[in-house]
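Have a look at the structure below, then the notes.
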Amino acid sequence: MASRRARGWMGLALVAAAASLLPPAVAAQATSGFRSSGKALSGDVRVARTAAAVTVDWPSDARGERTTLTLSLDRARPLIESVAVGGKVVMAGVDPAGVVTVGTRDLKQGWTIFFDNPRKKPFEAFPLTLGRERVAVERDGAHTRVVVDGARAGPFAGSFTFTVYPGSRLIRAAMVMSTERPATAYTFDAGLSVVSGTAPPWQSVAYTDLSDRIVRHQGASARAAATSPQVRGRMIVAEQAGGGAIGIVPPPHQYYYPLDYANNDNAAWYGSDYRVLTGRTGLGVRQTLEGDRRWVPWVNAPEKSVQDMGIFYLPDPGDAASTTAAAMTLTRGDRFKSLPGHRTFSSHYHVEHAADFLNQARFQQSRGVPTGLETPAFVTRFKEMNVEIVHLAELHLSREDLDRAGDRLTLLKTIHDETARLSDDRLLLLPGEEPNVHLGGHWLSLFPKPVNWTLDRQPGQPFVEDDPVRGKVYHVGSSADVLALMKAENGLMWTAHPRIKGSLGFPDRYRAEPFFRSDRFLGGAWKAMPADYAQPYLGARVLGLLDDMNNWAADASERKFAPGEVDVFQLTRDSELYAHMNINYLRLPGALPTHAGGWSAVTEALRAGHFFTTTGEVLVSDFTLDGARSGDEVASRGRATLRATVEGTFPLAYALIVSGDGEKVFRERVDLTDAGGFAQRTIERRVNVAGRAWVRLEVWDVAANGAYTQPVFLRAR
Numbered sequence: 024m025a026s027r028r029a030r031g032w033m034g035l036a037l038v039a040a041a042a043s044l045l046p047p048a049v050a051a052q053a054t055s056g057f058r059s060s061g062k063a064l065s066g067d068v069r070v071a072r073t074a075a076a077v078t079v080d081w082p083s084d085a086r087g088e089r090t091t092l093t094l095s096l097d098r099a100r101p102l103i104e105s106v107a108v109g110g111k112v113v114m115a116g117v118d119p120a121g122v123v124t125v126g127t128r129d130l131k132q133g134w135t136i137f138f139d140n141p142r143k144k145p146f147e148a149f150p151l152t153l154g155r156e157r158v159a160v161e162r163d164g165a166h167t168r169v170v171v172d173g174a175r176a177g178p179f180a181g182s183f184t185f186t187v188y189p190g191s192r193l194i195r196a197a198m199v200m201s202t203e204r205p206a207t208a209y210t211f212d213a214g215l216s217v218v219s220g221t222a223p224p225w226q227s228v229a230y231t232d233l234s235d236r237i238v239r240h241q242g243a244s245a246r247a248a249a250t251s252p253q254v255r256g257r258m259i260v261a262e263q264a265g266g267g268a269i270g271i272v273p274p275p276h277q278y279y280y281p282l283d284y285a286n287n288d289n290a291a292w293y294g295s296d297y298r299v300l301t302g303r304t305g306l307g308v309r310q311t312l313e314g315d316r317r318w319v320p321w322v323n324a325p326e327k328s329v330q331d332m333g334i335f336y337l338p339d340p341g342d343a344a345s346t347t348a349a350a351m352t353l354t355r356g357d358r359f360k361s362l363p364g365h366r367t368f369s370s371h372y373h374v375e376h377a378a379d380f381l382n383q384a385r386f387q388q389s390r391g392v393p394t395g396l397e398t399p400a401f402v403t404r405f406k407e408m409n410v411e412i413v414h415l416a417e418l419h420l421s422r423e424d425l426d427r428a429g430d431r432l433t434l435l436k437t438i439h440d441e442t443a444r445l446s447d448d449r450l451l452l453l454p455g456e457e458p459n460v461h462l463g464g465h466w467l468s469l470f471p472k473p474v475n476w477t478l479d480r481q482p483g484q485p486f487v488e489d490d491p492v493r494g495k496v497y498h499v500g501s502s503a504d505v506l507a508l509m510k511a512e513n514g515l516m517w518t519a520h521p522r523i524k525g526s527l528g529f530p531d532r533y534r535a536e537p538f539f540r541s542d543r544f545l546g547g548a549w550k551a552m553p554a555d556y557a558q559p560y561l562g563a564r565v566l567g568l569l570d571d572m573n574n575w576a577a578d579a580s581e582r583k584f585a586p587g588e589v590d591v592f593q594l595t596r597d598s599e600l601y602a603h604m605n606i607n608y609l610r611l612p613g614a615l616p617t618h619a620g621g622w623s624a625v626t627e628a629l630r631a632g633h634f635f636t637t638t639g640e641v642l643v644s645d646f647t648l649d650g651a652r653s654g655d656e657v658a659s660r661g662r663a664t665l666r667a668t669v670e671g672t673f674p675l676a677y678a679l680i681v682s683g684d685g686e687k688v689f690r691e692r693v694d695l696t697d698a699g700g701f702a703q704r705t706i707e708r709r710v711n712v713a714g715r716a717w718v719r720l721e722v723w724d725v726a727a728n729g730a731y732t733q734p735v736f737l738r739a740r
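If you count the sequence shown from 1, position 502 lands on 525 in this note's numbering, and the numbers rise without skipping.
Listed below in structure tokens is the structure:
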């Protein structure tokens, strides 16, 4: 059983058939601060049970508001009897809805896979069924979980769980199931539904469309054949007559499996007979089967792994507008918060603006900026999201496309000129490439100023020459030349999508090479890929690599770091970018560096490890080990004091203190469940660092959003 299911079990078991036999006086008895084996549920969570229902009641804000979830034990009635906020019922008489689509994974390269297309092989969709065989209340730290056994969807079987969080209205609703079917890849859709033909408890279904207005469907329109609209904010809302609503909100990053294009793929559904939910009317969120119609890998489900397919219900006493506003505060309006002394930095975008610029200029016969490219959509999106520094990965095109656009040095000049033109006091746009030559696998380049270089070196051609028009031009024909270029221009290189995609097997295969061991090789970039809901957090692939690389390091010059990367292609105003994003907070006090003045402060902060990386919801505004900050070094005394200031929008779950001794990796878990939503916490721990070489910190919330620091390094006293 996965750790999420194994933590803090409590003994309230309510077998529906047995509950109906309880004497009325016993069955109706309410328990305040329910106790079992002498342990109370934390956070003033109260459980009441009758012969017909179990009710969980918890404080949902700091003003004394309480939210209530009542579940029916009668299999003939909808499972969710009611949800109430502050005594006001906002939804009643509904069932959880779920569809699990089961396909087959290509395991030729194992489970760490992106280049796979289960949509092109036979697959089948199955509805969620709930046997309601047993209902139990569990304690999960300060959170409380209600487990309904008897959940099934095709080859998957397990339970359906509701988790509530003192200090938050959120209710996590999850199909927690496993399968013995081999090589399974899957997607899941989720929401709420009622039997078709009965009057639904909602008056209207509402969502925000791509013109940023709330659209409502009522009556026959809301009950018509199911449809899947494009929406902002990844959510849909059911509104009651007379006020009260409930939003269906997915985990903002975990729910979306990785794709090359961050398209807005009709992430919601409403209406009747949605897919295999025959005879049901409902609404919810969905995972696209077709994705961007390139590589569409879906989600991993290794045999017997417990897949936690969770979304959130967000009850609200108001309407769709207030529910949507409340949901969007969880992602800060899909923006990245400003932190004093930090600048937001995002990397790896294949917008291919240079090729587009040259092609459009030729097509329009323009000598200036082509019409339509004055302010590209990606520039506007970055500014709206408070992304202050963006590292492009241009020229990631076919040879035919590159030749059509222009020769390499012309393309580079266009990149340099256009990143300068599009940069201002709110956005620093940096030239960069994913050149993928000479080293092995895929890698990214970043220089502290514009640099002209070619990807080959002809026999007898010098490594560097002075071009009468372009100035210094480097010619690179080997890994030794790449390293020499990086040393000459103080550049950085790192593995793109390490251990997956075109970097499968890298950087491991070149870990002994001089270029990798150099301080010019930064490390490997982090992204939540592949998707696997048996993992309670994101991006284990690269977090493990970060630990491995620093255990490999023989001296200080070989220490490595893992900046976040996004790795998506063209962006438009309507792209669902936030779901696929992460952000790096660089420690850069003072004004934003300028393009004209160079951005060596950016490359120096990266090389020094002076940053943390986050999905956006969890922030680590300060982290020290005996006063040393990430990337820095401190003398080891056997034990050290770790301090961190953290905050989250979703309720926090736990922190991991991760350390290594050059061979092994050690993890210490710190429970953070006593913090509600929108909480700030200070973590202070005495940590055993005897024999350790480095220590870093991760912090995760209940939606699998998280943040991780770069290591602090230890030297013996």
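The C-beta atom is built at its ideal place from N, Cα and C for all residues, glycine as well.
Check: Taking residue 588 as the reference, which of 146, 608, 613 and 548 has the closest Cα?; Outcome: 548
Check: Scan the region 306-347 and note each continuous beta strand (DSSP E) run of 3 residues or more that stays entirely inside, going in chain order.; Outcome: 322-324 and 330-339
Check: Who are residue 97's beta bridge partners in DSSP?; Outcome: Paired residues: none, contrary to the question.
Check: Short check: CB of residue 564 to CB of residue 135, under 8 angstroms?; Outcome: yes
Check: Tell me whether the region 237-246 and the region 321-334 touch, counting them as touching only if at least three CB pairs, one residue from each stretch, are closer than 8 angstroms.; Outcome: no
Check: By a C-beta neighbour count over all protein chains shown, 10 Å radius and 16 as the cutoff for buried, is residue 195 buried or exposed?; Outcome: buried
Check: Would you identify the three-state DSSP class for residue 574, choosing helix, strand or coil?; Outcome: helix
Check: Helix, strand or coil: how does DSSP classify residue 579 here?; Outcome: helix
Check: For a test of the three-state rule: what should DSSP assign to residue 221, helix, strand or coil?; Outcome: coil
Check: The alpha helix (DSSP H) spanning residue 444 covers which residue range?; Outcome: 431-445
Check: Answer yes if the region 373-380 comes into contact with the region 299-313, meaning at least three C-beta pairs across the two stretches below 8 angstroms, and no otherwise.; Outcome: no
Check: Three-state secondary structure (DSSP) at residue 493?; Outcome: coil
Check: Residue 304 by DSSP, collapsed to three states: which one?; Outcome: strand
Check: Should residue 221 go down as buried or exposed, given a rule of 16 or more other Cβ atoms within 10 Å for buried?; Outcome: exposed
Check: Starting from residue 111, follow its DSSP beta bridges and name the residues at the other end.; Outcome: 108
Check: Reducing DSSP to helix, strand and coil, say where residue 187 ends up.; Outcome: strand
Check: Quick check on this structure: which residue in 441, 360, 369 and 409 has the alpha carbon closest to the alpha carbon of residue 391?; Outcome: 441
Check: As a quick exercise: from 275, 366, 187 and 312, pick the residue whose alpha carbon is nearest that of residue 143.; Outcome: 312
Check: Report the rounded CA-to-CA distance for residue 601 versus residue 532, giving the unit in angstroms.; Outcome: 33 angstroms
Check: For the alpha helix (DSSP H) that residue 426 lies in, which residues bound it at each end?; Outcome: 422-428
Check: Does DSSP classify residue 459 as helix, strand or coil?; Outcome: coil
Check: What residues in its chain sit with their C-beta under 7 angstroms from that of residue 254, if we drop five residues either side in the sequence?; Outcome: 230, 231, 232, 290 and 291
Check: Are the CB atoms of residue 455 and residue 416 within a distance shorter than 8 angstroms?; Outcome: yes
Check: Put residue 397 into one of helix, strand or coil per three-state DSSP.; Outcome: coil
Check: Roughly how many angstroms separate the alpha carbons of residue 74 and residue 96, rounded to a whole number?; Outcome: 8 angstroms
Check: Helix, strand or coil: how does DSSP classify residue 592 here?; Outcome: coil
Check: Would residue 630 and residue 478 be called neighbours here (beta carbons separated by less than 8 angstroms)?; Outcome: no
Check: Enumerated in chain order, which unbroken segments of the alpha helix (DSSP H) with a length of 4 residues or greater are wholly contained in the region 464-513?; Outcome: 502-512
Check: Please report how far the alpha carbon of residue 610 lies from the alpha carbon of residue 94, in whole angstroms.; Outcome: 48 angstroms
Check: What is the DSSP secondary structure of residue 48, counted as helix, strand or coil?; Outcome: Because the pLDDT at residue 48 is just 30, under 50, the model does not fix this residue reliably, and the point stays unresolved.
Check: Hey, residue 113 and residue 120 are a contact pair by Cβ (cut 8 angstroms); roughly how many whole angstroms apart?; Outcome: Their Cβ separation, rounded to whole angstroms, is 18 angstroms, which puts residue 113 and residue 120 out of contact at 8 angstroms.
Check: Sorted by chain position, which residues of the same chain lie with C-beta nearer than 6 angstroms to residue 272's C-beta, five sequence neighbours on each side aside?; Outcome: 258, 335, 337 and 350
Check: Residue 323 and residue 174 - do their beta-carbons sit closer together than 8 angstroms?; Outcome: no
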